[in-house]
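Undergrad: When we follow this note's numbering, the leftmost residue of the sequence shown carries the number 3, and every step to the right adds one.
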Amino acid sequence: MTEPNHSSRTQSLTGESDSNGGAEISLLDIVNFLQGSWKKLAIAAVVGAVLGFSNWYFLGSYNAELVLNNNGGTDLVGWRLLQKTLPSLADQIIEESKVPQGQESLYRTLSNADWWQKNALATYGMSKADTKDLASTAGLESAGTSIVSITLTAGGSTRVKAIDNARGAKNFLLQGASYLAIKSLFSAQESQLMSVDADIAKKINNTQVELGYQQERLKSLEALAKRFPGEQRTVSQVVDPKDSGAKYMPISTQIIAANTDINGSKESLERLKDAQAQMAILRTWVKQASPLMNGESYDGIALTKKLLEQESQLRATLNSSDPKSLAFVDGLRSTLLANDVRFSKGFEMNTAPTASKKGMIKTTAGGLAGAFFLMLLVLLGQRVWRTVKSGGAK
């Protein structure tokens, strides 16, 4: 019995032959294939790299980055709320065809909630890693949730377009956030008119009824004092006039207590009437401000300035010598000014936005790899086809 040839075993990559008679690819075949095709593969890789670079250079988009320093403009909870509500506002502006001219594409991008999660990123005062390294105190926790700045990233076909889109996103952020704050304030005022006004009227009626009973009680006590003039002693003991034992107190003490109750009811009634007068001023304000809130613009910063002008007109109709009549407009002006400062000064852009075209290495490497493997598949296909043809000819 003869030994098998040792060289035949080293020629095959697996050391075995196909049971159907088909020869497997040997290591030598692979080496020969690469020696004969490396130039084609190298040329394909170079061409692919050039095509990838050209695609990046001529068709690649620029990305602009804009940083807004947070000077009290928002906090963690407020920012999370804005990330959820601003896309809906952008979509509403698109549906109502109130998009600023030339920014339709940008507003469609801003209406996507994922854009705000990926392209509007907040930088916090302390990262999670810093918090773990330091002691966990209330001061450190508050620093970890404070927002230092907000970075907006926008793309564009050219450097100028990318920067314009970044500025447009910034303007929408500030104007839209200001509008949402004003809208929330106005909705609260409308709700106050519907609920508080009716509640005040109810309290006024109840207080007037109670005041009538208190006055009748005082008349009865004064009549008793005339009938029993000798019972004019006073005591220093403090007793609730509504308590069951108060009726055994000296009549003079009961009269004092009854007068005190009447004075308290009158004071409450005056306060309620003042509040009712404030509701009347609020009703006038809501009526005057409604056309502005339902206007043609969602620019909250410009809207705030118009509302301040409307507040000045309302103030001119009130009695300037009566502090109570000015209480509502004073509070309103304070709120509007705080909103104006919050969104006009609370977010500060210290540096101009920068734009760059990223992804050159990734795009070039992708073109190189794609062309290389495509050429490899073509060459392998040609070799297999030649093998099949030669087998068929035999």
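Heads up, the beta-carbon is just placed ideally off N, CA and C, and yes, glycines get one too.
From a predicted model like this one, the values you see are computed outputs, not experimental measurements.
Going by beta carbon distance, what residues of the same chain come within less than 7 Å of residue 312, once the five residues before and after it are set aside?
TA: The residues are 290, 291 and 294.
Undergrad: Closer than 7 Å by C-beta to residue 253: which residues in its own chain qualify, once you throw out the five before and the five after it? Chain order, please.
TA: Answer for residue 253: 223, 226, 227, 230 and 233, listed in chain order.
Undergrad: With burial defined as no fewer than 16 other Cβ atoms inside 10 Å of the residue's Cβ, what is the status of residue 167: buried or exposed?
TA: Classification for residue 167: buried.
Undergrad: Using the beta-carbon count (16 or more within 10 Å), is residue 344 buried or exposed?
TA: Looking at its Cβ environment, which holds 16 or more other Cβ atoms inside 10 Å, residue 344 is buried.
Undergrad: Could you check if residue 261 is buried or exposed, using at least 16 other CB atoms within 10 Å of its CB as the buried criterion?
TA: Exposed, by the Cβ-count rule.
Undergrad: In chain order, what residues of the same chain lie with their CB nearer than 8 Å to the CB of residue 305, ignoring the 5 residues before and after it?
TA: Within the same chain, residue 305 has close Cβ partners 180, 181, 184, 294, 295, 297 and 299.
Undergrad: Would you mind stating whether residue 92 and residue 156 have Cβ atoms separated by less than 7 Å?
TA: Their beta carbons are not under 7 Å apart, which means residue 92 does not touch residue 156 by this criterion.
Undergrad: Between which two residues does the alpha helix (DSSP H) harbouring residue 162 extend?
TA: Per DSSP, residue 162 belongs to the alpha helix (DSSP H) from 161-229.
Undergrad: Compare the beta carbon distance of residue 370 and residue 50 with 7 Å and say whether it is the shorter of the two.
TA: Their beta carbons are under 7 Å apart, which means residue 370 touches residue 50 by this criterion.
Undergrad: Can the beta-carbon of residue 178 be found closer than 7 Å to that of residue 78?
TA: Taking 7 Å as the Cβ cut-off, residue 178 and residue 78 do not qualify as a contacting pair.
Undergrad: Which residue or residues does DSSP assign as beta-bridge partners of residue 349?
TA: Residue 349 pairs with 72.
Undergrad: Going by beta carbon distance, what residues of the same chain come within less than 7 Å of residue 329, once the five residues before and after it are set aside?
TA: Contacts found: 280.
Undergrad: Give the list of continuous alpha helix (DSSP H) stretches no shorter than 4 residues that lie fully inside the segment 290-356.
TA: Fully enclosed alpha helix (DSSP H) runs of 4 or longer: 302-318 and 325-346.
Undergrad: Between the segment 192-207 and the segment 323-343, do at least 3 Cβ pairs fall closer than 8 Å?
TA: Touching, no.
Undergrad: Go ahead and pull the three-state DSSP assignment for residue 98.
TA: Reduced to three states, the DSSP call for residue 98 is coil.
Undergrad: For residue 346, collect the residues of the same chain with a Cβ closer than 7 Å to its Cβ; drop the 5 residues on either side in sequence, then sort them by chain order.
TA: Contacts found: 303.
Undergrad: For residue 354, count neighbouring C-beta atoms within 10 Å of its own C-beta (all shown protein chains included) and say buried if the count is 16 or more, exposed if not.
TA: Exposed, by the Cβ-count rule.
Undergrad: Count the other CB atoms, across all protein chains shown, that sit within 10 Å of the CB of residue 138; report buried if there are 16 or more and exposed otherwise.
TA: Only weak support is given to the placement of residue 138: the predicted model assigns it a pLDDT of 49, under 50, and the question is left unresolved by the model.
Undergrad: Can you give the Cα-Cα distance for residue 125 and residue 210, rounded to whole angstroms?
TA: If I take the Cα positions, the gap works out to 58 Å.
Undergrad: Rounding to the nearest angstrom, what Cα-Cα distance links residue 391 and residue 384 in this structure?
TA: Distance between the alpha carbons of residue 391 and residue 384 is about 11 Å.
Undergrad: Pick helix, strand or coil for residue 90, following the three-state DSSP scheme.
TA: Helix, per DSSP.
Undergrad: Apply the 10 Å Cβ neighbour rule to residue 103 and answer buried if 16 or more other Cβ atoms are within range, or exposed otherwise.
TA: When all chains shown are included, residue 103 counts as exposed.
Undergrad: Does the beta-carbon of residue 215 have 16 or more other beta-carbons within 10 angstroms, so that it is buried, or is it exposed?
TA: Exposed.
Undergrad: Under 7 Å between the Cβ atoms of residue 154 and residue 68?
TA: Yes.
Undergrad: Would you check if the distance between the CB atom of residue 44 and the CB atom of residue 373 is smaller than 7 Å?
TA: Not closer than 7 Å, so no.
Undergrad: Mapping the DSSP letters down to three states, classify residue 265 as helix, strand or coil.
TA: Of the three classes helix, strand and coil, the one that applies to residue 265 here is helix, per DSSP.
Undergrad: With a CB to CB cut of under 7 Å and the five nearest residues on each side skipped, what residues in its chain are close to residue 337?
TA: Cβ neighbours of residue 337 beyond the five flanking positions: 187.
Undergrad: How many angstroms separate the CA atom of residue 195 from the CA atom of residue 317?
TA: Cα-Cα distance, rounded: 19 Å.
Undergrad: Taking the alpha-carbon positions, what's the residue 272 to residue 284 distance?
TA: Rounded to whole angstroms, residue 272 to residue 284 spans 18 Å at the Cα level.
Undergrad: Kindly list the residues whose CB is nearer than 8 Å to the CB of residue 221, restricted to its own chain and excluding five residues on each side of it in sequence; keep chain order.
TA: There are no such residues.
Undergrad: Using the three-state DSSP reduction, which class does residue 65 fall into: helix, strand or coil?
TA: In the structure shown, residue 65 sits in a strand (DSSP, three-state: E or B).
Undergrad: Would you identify the three-state DSSP class for residue 127, choosing helix, strand or coil?
TA: Coil at residue 127, not helix or strand.
Undergrad: Using C-beta distances below 7 Å, list every residue in its chain close to residue 212, excluding the 5 sequence neighbours before and after it, in chain order.
TA: Only 267 meet the Cβ criterion.
Undergrad: Near residue 42, which residues of its chain fall below 7 Å by C-beta distance, leaving aside the five closest residues on each side in sequence?
TA: Same-chain partners within the cutoff: 377 and 381.
Undergrad: Is residue 151 helix, strand or coil when you go by DSSP?
TA: If DSSP states are grouped into helix, strand and coil, residue 151 belongs with the strands.
Undergrad: Span of the alpha helix (DSSP H) holding residue 107?
TA: Where residue 107 is concerned, the enclosing alpha helix (DSSP H) stretches over 106-112.
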